[in-house]
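Mapping of the sequence shown onto my numbering: position 88 corresponds to residue 88, and the numbering continues sequentially without gaps. Just so you know, even glycine gets a beta-carbon here, dropped at the ideal spot from N, CA and C. Remarks on the structure that follows.
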Amino acid sequence: MTFAGQRKWTSFFLVLPYLCTFLIFVGLPFLVAIVLAFVKLDLADKGSSKFVGFGNFVDVFNDPLFYKALDSTGRYAILMVPSVIIIGFAMAMGMNAMTKGRDMVRTLIYLPSMLNVAATGILWQWFFNNQFGLFNFGLQSVGATSVPWISDKSFAMPSVVIMSLWWTVGGTSVVLLTGLQQIPKVFIEAASLDGANATAVFRKITIPMLRPVLLFVFITSTIAAFQMFGQAFILTGGGPEFSTRGLVQYMYETAFNGYRFGYGAAIGWILFAIVLVFALGQARLVRSGRV
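Shown next as structure tokens:
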């Protein structure tokens, strides 16, 4: 065997473990989900199964609980995405302006992102607890009234967003900081020599050159928002009155608690279509040069 042939087979065997893992844990479930979406499989009814075509999708679009979950997902995305970008960008600008201690601050800010969602949710359950939570203790200490953070539907979704921001904004700020550090300083120095003030430099140089990174953060943050599950599931259980139950949680509970796997798969494919349409729309805007 030639040296080139040996390298070819060596590369193949190096990739093979990843390929097998991908096929088992991604490819196979993907194919199973396609089949399940067109089958009525109800394990609560002795595991009966029947091909129903688009029947599961029709049932989903006639289900008021689906629209309730879609509304919760939309409200979460509307609150979460602008907040994480604005706060993350402000933090990145602050770190970029630092001359000392930047690495330490960046590490501290990023630490919450390293926690898993279960640990984060349990921690924030204590923060938001009505009786002995840290936030209500602080409010009572200054004579203010306690707030039902996670037991009142008016406060539940903002509470989930606050927890999610604490958990994810560090990662967003680090990505944006990396983008800021890639902007050539010569452009900023030249603009300053031409008499441009800080606002003009920000509007004419920083934002345009950071646009690809901002777009990346916007798309990934929106996709993550539509996939929201663990935050609300652990912090509020999707309540009160399903006010924080998103599409992923509804899909999970339908399939694994209600044993309606075909119906759950249909919900999953509808969510996939929503995210795909959004991502393709953003890609089209990028190619057209509008953003």
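- Across the structure, Gly170 and Gln231 are spaced so that their CA atoms are roughly 16 Å apart.
- For Asp59, the enclosing alpha helix (DSSP H) begins and ends at Gly55 to Phe61.
- Per DSSP, the continuous beta strand (DSSP E) segment holding Val39 begins and ends at Val39 to Asp42.
- When DSSP states are grouped into helix, strand and coil, Lys100 belongs to the coil group.
- In the same chain as Phe30, and ignoring 5 residues on each side of it, no C-beta atom comes closer than 8 Å to its own.
- Here the alpha carbon of Ile183 sits roughly 7 Å from the alpha carbon of Met209.
- Residue pairing from DSSP places Arg260 in a beta bridge opposite Asp42.
- A distance below 7 Å between beta-carbons, with the five flanking residues on each side excluded, links Ser164 to the following residues of its chain, in chain order: Met80 and Gln231.
- Under the 8 Å Cβ criterion, the segment 207-225 counts as touching the segment 65-82, having at least three qualifying pairs.
- In summary, Phe127 is buried, with 16 or more beta-carbon neighbours lying within 10 Å of its beta-carbon over all protein chains present.
- Apart from sequence neighbours up to five positions away, the residues of its chain that approach Pro158 with a beta-carbon distance below 8 Å are Leu79, ordered along the chain.
- In this structure the segment 255-262 lies against the segment 32-42, because at least three pairs of beta carbons, one per stretch, are closer than 8 Å.
- Taking all protein chains shown into account, Gln131 has fewer than 16 neighbouring C-beta atoms within 10 Å of its C-beta and is therefore exposed.
- Closest in C-alpha terms to Asn96, from the list Lys204, Leu177, Thr120 and Thr236, comes Leu177.
- Across the set Val15, Leu14, Asp59 and Ser11, the C-alpha of Asp59 shows the shortest separation from the C-alpha of Ile267.
- In the structure shown, Phe132 adopts coil according to DSSP, grouped into three states.
- A contact between stretches requires three or more CB pairs, one per stretch, nearer than 8 Å, and the segment 133-150 fails this requirement with the segment 108-118.
- Leu247 is a Cβ neighbour of Leu70, given a cutoff of 8 Å.
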